[in-house]
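Asks:
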Amino acid sequence: MTAYSTGEHVDSAINVHIVPRTGSRGLITVTPMAVERFLDELEADGVGRGATRSASSAS
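Here the sequence shown stands for residues 32 to 90, numbered as in the working numbering.
Below is the structure:
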């Protein structure tokens with residue numbers, strides 16, 4: 032059995048939390064307001080801002 036790598040952790044976080052909420056949204060449409068709304072949705076779903084900071088700093 033191999034250890035769960037940081038890359039796998041980040042990929043998992045992206046596939047579980049980001050892709051379902053953003054879908055096919057183009058990068059040009061990402062605004063500060065959209066990011067704030069996204070973070071609010073994560074927090075409402077029990078994925079706190081501390082957890083999102085940890086995931087983003089792992090990359």
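Using N, Cα and C, we set each Cβ at its ideal position, and we do this for glycine too.
(1) Three-state secondary structure (DSSP) at T62?
(2) Run through DSSP, which three-state label would D76 get?
(3) Tell me, to the nearest whole angstrom, how far the beta carbon of R52 is from that of E72; I am working on the premise that it is less than 8 Å.
(4) Whole angstroms is fine: what's the gap from T60's alpha carbon to S36's?
Replies: Reading from the atomic positions:
(1) By 1-based counting over the sequence shown, the position of residue 62 is 31. Three-state result, T62: coil.
(2) Counting from 1 along the sequence shown, the entry for residue 76 is found at position 45. D76: coil per DSSP, three-state reduction.
(3) Taking the sequence shown and counting its residues from 1, one reaches residue 52 at position 21. Taking the sequence shown and counting its residues from 1, one reaches residue 72 at position 41. Contact holds; Cβ gap of about 6 Å.
(4) Working through the sequence shown from its first residue, we reach residue 60 at position 29. Working through the sequence shown from its first residue, we reach residue 36 at position 5. Their backbone Cα atoms lie some 31 Å apart in a straight line.
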